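Below is one structure, written out as structure tokens, with a few remarks after it.
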Amino acid sequence: MEQLSTTNLLPDAFQGARGDISMQFQLLWDQIKAPLIVPLLRVAVLVCLIMSLMLFIERVYMGIVIVLVKLFGRKPEKRYKWEPIKDDVELGNSSYPLVLVQIPMYNEREVYQLSIGAACGLSWPSDRIIIQVLDDSTDPTIKDLVELECQRWASKGINIKYEIRDNRNGYKAGALKEGMKRSYVKHCDYVVIFDADFQPEPDFLWRSIPFLVHNPEVALVQARWKFVNSDECLMTRMQEMSLDYHFTVEQAVGSSTYAFFGFNGTAGVWRITALNEAGGWKDRTTVEDMDLAVRASLKGWKFVYLGDLKVKNELPSTFKAYRYQQHRWSCGPANLFRKMAMEIITNKRVTLWKKVHVIYSFFMVRKIVAHLVTFIFYCVVLPATVLVPEVEVPKWAAVYIPSVITILNAVGTPRSLHLMIFWILFENVMSLHRTKATFIGLLEASRVNEWIVTEKLGDALKAKTATKAPKKRRFRIGDRVHTLELGVGAYLFFCGSYDLAFGKNHFFIYLYVQAIAFFIMGFSFVGTFIPHS
Numbered sequence: 152m153e154q155l156s157t158t159n160l161l162p163d164a165f166q167g168a169r170g171d172i173s174m175q176f177q178l179l180w181d182q183i184k185a186p187l188i189v190p191l192l193r194v195a196v197l198v199c200l201i202m203s204l205m206l207f208i209e210r211v212y213m214g215i216v217i218v219l220v221k222l223f224g225r226k227p228e229k230r231y232k233w234e235p236i237k238d239d240v241e242l243g244n245s246s247y248p249l250v251l252v253q254i255p256m257y258n259e260r261e262v263y264q265l266s267i268g269a270a271c272g273l274s275w276p277s278d279r280i281i282i283q284v285l286d287d288s289t290d291p292t293i294k295d296l297v298e299l300e301c302q303r304w305a306s307k308g309i310n311i312k313y314e315i316r317d318n319r320n321g322y323k324a325g326a327l328k329e330g331m332k333r334s335y336v337k338h339c340d341y342v343v344i345f346d347a348d349f350q351p352e353p354d355f356l357w358r359s360i361p362f363l364v365h366n367p368e369v370a371l372v373q374a375r376w377k378f379v380n381s382d383e384c385l386m387t388r389m390q391e392m393s394l395d396y397h398f399t400v401e402q403a404v405g406s407s408t409y410a411f412f413g414f415n416g417t418a419g420v421w422r423i424t425a426l427n428e429a430g431g432w433k434d435r436t437t438v439e440d441m442d443l444a445v446r447a448s449l450k451g452w453k454f455v456y457l458g459d460l461k462v463k464n465e466l467p468s469t470f471k472a473y474r475y476q477q478h479r480w481s482c483g484p485a486n487l488f489r490k491m492a493m494e495i496i497t498n499k500r501v502t503l504w505k506k507v508h509v510i511y512s513f514f515m516v517r518k519i520v521a522h523l524v525t526f527i528f529y530c531v532v533l534p535a536t537v538l539v540p541e542v543e544v545p546k547w548a549a550v551y552i553p554s555v556i557t558i559l560n561a562v563g564t565p566r567s568l569h570l571m572i573f574w575i576l577f578e579n580v581m582s583l584h585r586t587k588a589t590f591i592g593l594l595e596a597s598r599v600n601e602w603i604v605t606e607k608l609g610d611a612l613k614a615k616t617a618t619k620a621p622k623k624r625r626f627r628i629g630d631r632v633h634t635l636e637l638g639v640g641a642y643l644f645f646c647g648s649y650d651l652a653f654g655k656n657h658f659f660i661y662l663y664v665q666a667i668a669f670f671i672m673g674f675s676f677v678g679t680f681i682p683h684s
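Here's what the structure looks like:
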């Protein structure tokens with residue numbers, strides 16, 4: 152009986168202890184809230200408001216410029232001399248420039264035939280083009296397959312070179328740099344770069360090379376990407392929205408105003424003399440393409456973006472591949488900014504306004520502030536103000552500015568306007584990874600030079616889906632972590648959304664928003680939001 156009485160007292164004792172702990176936490180919170188939390192949160196809000204204004208002004212400016220470009224028809228063909236390359240009866244094919252086409256590869260089992268076939272199918276005088284396959288594959292089987300494919304095209308009369316090296320130093324930049332050292336490259340005038348999943352149309356060279364031939368000040372002609380698998384899943388639709396804005400607005404504005412933009416690393420044609428003058432390929436960051444573009448721009452070279460010239464390619468269709476890609480794309484620019492900031496400031500060959508454009512607009516706002524404000528402001532600071540009602544965020548900063556920025560971004564992909572809410576959620580979730588990568592780049596932390604090749608599936612995913620029998624899905628621990636990250640990001644976003652739209656006094660609405668957030672957490676957790684490989 153005494154034992155039973157003692158057992159009954161245990162829950163009461165536990166409840167009392169838990170109540171004491173809650174009271175202690177509440178007391179501690181009340182003590183530090185006014186002198187510490189409130190001032191820090193107000194400073195954070197002020198910093199975030201400044202970053203939001205920077206991003207807002209940049210987006211509105213680019214929107215105005217692109218509208219004026221469309222209205223006045225400032226196409227590249229009108230701003231630069233362009234006319235077809237004509238045959239010379241006396242010189243024959245030697246009147247055409249010698250073009251080198253580089254295709255860097257790394258274990259590209261699913262797409263190597265597509266890229267090599269598309270490059271070999273380019274329309275150009277056969278004795279004035281060299282296809283160079285740079286194979287860094289570590290899988291002997293894939294190496295043999297790629298070499299056999301090159302031999303097959305060589306037997307058809309195509310001037311194709313299969314190049315390998317005994318290490319992967321410098322990754323893609325190292326392979327491209329090594330390829331430029333070959334003796335036959337010395338006679339080439341231009342170099343075209345296609346990643347392993349890119350499939351150019353046969354007339355690619357006829358449409359791009361004339362800009363370089365007739366305009367000696369132009370160093371680079373960049374084409375637009377066309378996504379062959381954008382409808383594969385919701386995640387690829389979200390990527391399409393972000394990248395369409397990048398090409399439709401950011402690249403077009405840079406080309407039409409300062410004749411500068413970041414080289415996309417593929418689907419572009421470089422003047423070899425400009426490439427060499429800029430110092431060639433460097434592997435000091437994971438964005439060797441952007442590094443080369445900035446250095447060439449500081450030498451006074453101009454870039455041309457052709458929005459009408461599109462090259463088919465593939466978007467990452469698994470969350471794992473997309474996260475690795477976004478880490479590289481966020482970490483690399485921040486690290487490059489750290490390395491080149493003083494070089495840009497002290498450069499004497501470009502105008503002050505171009506320096507301001509490169510440092511402020513290109514690097515600070517687009518590559519750093521855009522990531523930081525999305526995560527820190529919308530996913531941390533705004534939800535925190537729910538707990539600290541003494542700190543208020545102006546409605547113009549919490550509602551109007553993000554609404555305008557979102558609408559301007561979504562206009563680049565009109566067919567996906569109805570997916571805007573999902574895009575907002577997706578971008579807020581990914582902002583955590585981009586912000587982390589940005590700080591890694593700025594601080595040169597341990598993963599600053601991490602390079603993981605983005606997985607390309609080609610038609611393999613469709614083939615597997617069609618032939619593989621359905622089986623019970625198994626979740627690995629890593630998949631659970633990634634999908635939980637999606638859910639937590641959605642939860643944070645919705646907590647902030649409540650605060651902006653409804654105020655802090657409607658507690659029942661707050662609970663309702665939390666319920667929606669947890670629903671999305673579960674939705675993403677079971678893996679239906681995006682496919683896994």
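Just so you know, this note's numbering puts 156 at position 5 of the sequence shown, and the rest follows in order with no gaps.
All C-beta atoms in this analysis are idealised placements derived from N, C-alpha and C, irrespective of residue type, glycine included.
No experiment lies behind these values; they were computed from the predicted model shown.
Three-state secondary structure (DSSP) of residue i
| i | result |
| --- | --- |
| Arg625 | Residue placement at Arg625 is poorly supported in this model, since its pLDDT is 49, which falls under 50; the coordinates still yield a value, given next. It is coil, neither helix nor strand. |
| Glu465 | coil |
| Glu391 | helix |
| Val131 | Lying before the first or after the last residue shown, residue 131 is absent from the chain, which here runs from 152 to 684. |
| Leu353 | At residue 353 the sequence reads Pro, which differs from the Leu that was named. Pro353 falls in the coil class under three-state DSSP. |
| Phe454 | strand |
| Phe362 | helix |
| Arg479 | helix |
| Val438 | coil |
| Leu576 | helix |
| Lys377 | strand |
| Leu249 | coil |
| Leu460 | strand |
| Ala370 | strand |
| Ile282 | strand |
| Val445 | helix |
| Val604 | coil |
| Gly272 | coil |
| Trp421 | strand |
| Gly609 | coil |
| Val562 | coil |
| Asp181 | helix |
Own chain, CB closer than 6 Å to residue i, minus 5 neighbours either side, in chain order
| i | result |
| --- | --- |
| Phe528 | Cys199 |
| Arg598 | Ile591 |
| Phe378 | Glu391 and Leu466 |
| Arg319 | Asp287 |
| Ala447 | Ala370, Ala425 and Ala429 |
| Trp304 | Cys271 and Ile311 |
| Leu568 | Ala561 |
Assumed close pair residue i, residue j - CB separation to whole angstroms, cut-off 8 Å
| i | j | result |
| --- | --- | --- |
| Gln402 | Gln373 | 7 Å |
| Val455 | Pro227 | 5 Å |
| Ile236 | Val284 | The Cβ separation is near 26 Å, so there is no contact. |
| Asn131 | Glu261 | In the structure as shown, the chain begins at 152 and stops at 684. Residue 131 is therefore absent and cannot be evaluated. |
| Ile344 | Thr417 | 6 Å |
| Val250 | Ile201 | At roughly 47 Å, the Cβ-Cβ gap does not stay under 8 Å, so Val250 and Ile201 are not in contact. |
| Ile217 | Val400 | 5 Å |
| Arg500 | Lys450 | 6 Å |
Cβ-based neighbour list, residue i, same chain, cut-off 8 Å, excluding 5 preceding and 5 following
| i | result |
| --- | --- |
| Glu578 | Met389, Ser393 and Thr525 |
| Pro276 | Asn244 and Tyr247 |
| Tyr263 | Met256, Ile293, Leu296, Val297, Glu300 and Ala347 |
| Leu593 | Ala485, Asn486, Phe488, Arg489 and Ile519 |
| Glu259 | Ser266, Ser288, Ile293, Val297, Ala347, Asp348 and Lys607 |
| Lys505 | Tyr409, Phe411 and Ser448 |
Test: residue i CB closer than 7 Å to a CB of chain C
| i | result |
| --- | --- |
| Ile423 | Absence of chain C from the displayed structure is noted, only one protein chain being present. |
Residues near residue i in its chain [Cβ-Cβ closer than 7 Å; skip 5 each side]
| i | result |
| --- | --- |
| Lys453 | Glu368, Val369, Ala370 and Ala410 |
| Tyr322 | Asp434 and Trp602 |
| Lys232 | His365 and Asn366 |
| His584 | Arg474, Gln477 and His478 |
Closer than 6 Å: residue i CB and nearest the ligand PLP heavy atom
| i | result |
| --- | --- |
| His478 | For the ligand PLP, the structure offers nothing, since it holds no ligand at all. |
Notebook entry, point to check: Is there contact here, the stretch 309–322 with the stretch 337–347, by at least three beta-carbon pairs under 8 Å?
Noted result: no
Next item on the list: Enumerate, from N- to C-terminal direction, the unbroken alpha helix (DSSP H) stretches of 4 or more residues contained entirely within the stretch 496–544.
Entry: 503–507 and 533–538
Check: Taking the runs of the alpha helix (DSSP H) that are 4 residues or longer, which of them lie wholly in the stretch 289–344?
Finding: 291–305 and 322–330
Notebook entry, point to check: Okay, do the stretch 463–476 and the stretch 354–372 touch, 3+ Cβ pairs below 8 Å being the bar?
Noted result: no
Next item on the list: For the stretch 480–498 and the stretch 430–441, state whether three or more C-beta atom pairs, one from each stretch, are separated by less than 8 Å.
Entry: yes
Checklist line | contact_flag[the stretch 189–197, the stretch 542–551] where n(CB pairs < 8 Å) is 3 or more | finding: yes
Item checked: Inter-stretch contact (C-beta, 8 Å, three-pair minimum) for the stretch 200–220 and the stretch 553–565 -> yes
Check: Quick one: complete alpha helix (DSSP H) runs, 4+ long, within the stretch 185–268?
Finding: 189–223 and 227–230
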